[in-house]
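> Take this structure, written in structure tokens, and hold onto it; I'll ask about it next.
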Amino acid sequence: MAGFGRVPRTFGLREQRSATSRGVLNDNAAMVELVDGIRRVTFGLPLGIDHVHCYLVRGEEGWTIVDTGLGLPAIVEGWRALLAELDGPVERIVITHLHPDHVGAAADVAELTGAPVLQGRLDHEECVRAWGPERPMRRWGDHMRAHGMPEPVVERLAAESDSLRRYVHVVSEVVALDDGDLVGDWQVLHLPGHADGHVALLREDGVLLAGDAILGGITPTIGLWPGGRPDPLADYQDSLRRLIEHAPRLALAGHEDPIEDPVARARELLLHHEERLERTGATLTAGPRSAYDVSLELFPGTPISQHRFALAEALSHLERLVFAGAAVRADGLYAAA
Ligand SMILES: [Zn+2]
0 MAGFGRVPRT FGLREQRSAT SRGVLNDNAA MVELVDGIRR VTFGLPLGID HVHCYLVRGE
60 EGWTIVDTGL GLPAIVEGWR ALLAELDGPV ERIVITHLHP DHVGAAADVA ELTGAPVLQG
120 RLDHEECVRA WGPERPMRRW GDHMRAHGMP EPVVERLAAE SDSLRRYVHV VSEVVALDDG
180 DLVGDWQVLH LPGHADGHVA LLREDGVLLA GDAILGGITP TIGLWPGGRP DPLADYQDSL
240 RRLIEHAPRL ALAGHEDPIE DPVARARELL LHHEERLERT GATLTAGPRS AYDVSLELFP
300 GTPISQHRFA LAEALSHLER LVFAGAAVRA DGLYAAA
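Mind the numbering: the sequence shown is residues 0 to 336 in numbering that gives the first Met the number 0, read in order.
Have a look at this one:
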């Protein structure tokens, strides 16, 4: 099948639209052949971000799918068309993290392929808690309120988040992945920060299937969420340092273009958060404030639908400052130390 032809360059990344793949997907999906045996499938999304990339990796025994997109009917149809064209079985489905644009169609793709789902151990626990029948909506609302979000905004965002749940089809039984595990030729890296249990896959030749652990052009949200790890920004800074040590030569991520110098990008992201920490600290000089207030100053003009991410991001930076001794938290407000 011509679509599997190896791209005879090193990582030049001139994406080749595979002639065989063109036309097999619907209007909402496109597939390109990237480097050696790796295909990228892009689905349109009706969310704050307009697309997500999933990957198909050729192995000796069949294909590995990495991430599934949101469980929208159009995306599930896209998978159905694509899978019908594959020249071999799907061996497994790997989920990088529990966010709806990555895990949403997991159960659908598992059903279409009969393949097992592999997910980070902690990520799966949090995923079932976040999207399952015990979904802690009350705790979520309380968390937002406690940090100063006005009631009408809490209600609107709770309703929006809940409507998304229809499109998140999680799998209750998965193969749990731990840091250092091998999945075919790929080593599992646990890279918390964007999500507590986020995993990425690194191949010996330096190709990283990054999920949202590192992105080009945009910065992954690093948010503090109720029930999550207490200092997600410190987790993320450690993850970026770890990535720099592993020195991948190419990162294929969940959004935006491939990252041709992931080490340089990781350094940029470290710097970006240092600067944001400074700006966050500067918002506290005039006296105690709620995290919601701080988020409005840090991210002016953010549409209301994105306020929960702005708040979560402000909180991760405020808590980092608290852990570092540069800020204090009292009665739900933050102040300079
Ligand atoms: Zn994402």
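We put the beta carbon where it would ideally sit given N, CA and C, even for glycine.
If you're wondering where the values come from, they're calculated on a predicted model, not measured in any experiment.
Assign SER20 to buried or exposed, taking buried as 16 or more other Cβ atoms, counted over all protein chains shown, within 10 Å of its Cβ.
With a pLDDT of 40 at SER20, under the threshold of 50, the modelled position of that residue is not reliable, and the figure given next carries that caveat. With 16 or more Cβ atoms within 10 Å of its Cβ, SER20 is classed as buried.
> Taking LEU33 as the reference, give the member of LEU207, THR95, HIS193 and TRP185 with the closest Cα.
Out of LEU207, THR95, HIS193 and TRP185, LEU207 has the C-alpha closest to the C-alpha of LEU33.
> Which residues count as close to ligand 1 when the rule is a CB under 7 Å from any of its heavy atoms, in chain order?
The answer, residue by residue, is ILE48, VAL51, HIS98, ASP100, HIS101, ASP211, GLY253 and HIS254.
> To the nearest angstrom, how far is the alpha carbon of ALA199 from that of LEU297?
So the two alpha carbons sit approximately 29 Å from each other.
> Taking C-beta to C-beta, are VAL358 and LEU117 nearer than 8 Å?
Only positions 0 to 336 of the chain appear in this structure, which leaves residue 358 out of reach.
> Going by DSSP, name the residue or residues bridged to ALA311.
Beta-bridge pairing links ALA311 to no other residue.
> TYR235 lies in the alpha helix (DSSP H); which residues open and close that run?
Counting along the chain, the alpha helix (DSSP H) containing TYR235 begins and ends at 231-245.
> Using the Cα positions of ARG128 and ARG134, report the straight-line distance between them to the nearest angstrom.
Rounded to the nearest angstrom, the two C-alpha atoms are 6 Å apart.
> Measuring only the C-alpha atoms, how far is GLN305 from LEU332?
C-alpha separation (whole angstroms): 21 Å.
> Count Cβ pairs between the region 314-331 and the region 265-276 that sit closer than 8 Å; are there 3 or more?
Yes: at least three Cβ pairs fall under 8 Å.
> Would you check if the distance between the CB atom of HIS193 and the CB atom of VAL51 is smaller than 8 Å?
The answer is no: Cβ separation not under 8 Å.
> Just to confirm the assignment, what range does the alpha helix (DSSP H) spanning GLU32 have?
Premise fails: GLU32 lies in the beta strand (DSSP E), 28-32, not in any alpha helix (DSSP H).
> Roughly how far, in whole angstroms, is the beta-carbon of ALA114 from the beta-carbon of VAL170, given that I think they are within contact range, below 8 Å?
Contact doesn't hold; Cβ gap of about 11 Å is too wide.
> Quick check on DSSP: helix, strand or coil for HIS189?
Residue state, collapsed to three classes: strand.
> So, with DSSP's three-state summary, where would you put ILE74?
Three-state result, ILE74: helix.
> Using the Cα positions of GLY58 and GLY87, report the straight-line distance between them to the nearest angstrom.
Near 10 Å, if we compare the C-alpha coordinates of GLY87 and GLY58.
> Distance check for VAL327 and SER315, CA to CA, integer angstroms please.
Between SER315 and VAL327, the C-alpha separation is close to 14 Å.
> Give me whichever residues DSSP pairs with ILE48 in a beta bridge.
Bridge partners of ILE48: none, in fact.
> Tell me which same chain residues have a C-beta within less than 8 Å of the C-beta of ARG228, skipping the five on either side of it?
Excluding sequence neighbours, ARG228 sits near PRO191, ASP195 and ASP234.
> Per DSSP, what kind of secondary structure is VAL167 in: helix, strand or coil?
VAL167 falls in the coil class under three-state DSSP.
> Got a sec? Which residues, its chain only, sit under 7 Å from MET136 by beta carbon, not counting five neighbours each side?
Contacts found: ALA157 and ASP161.
> Identify which residue in VAL31, ALA28 and ASP35 has its Cα closest to the Cα of GLU203.
The residue with the shortest Cα to Cα distance from GLU203 is ASP35.
> How about ARG319 and LEU232: do their beta carbons lie closer than 8 Å?
For ARG319 and LEU232, yes; Cβs fall inside 8 Å.
> Determine the direct distance from the alpha carbon of ALA209 to that of ARG266, and round the result to whole angstroms.
Distance between the alpha carbons of ARG266 and ALA209: 16 Å.
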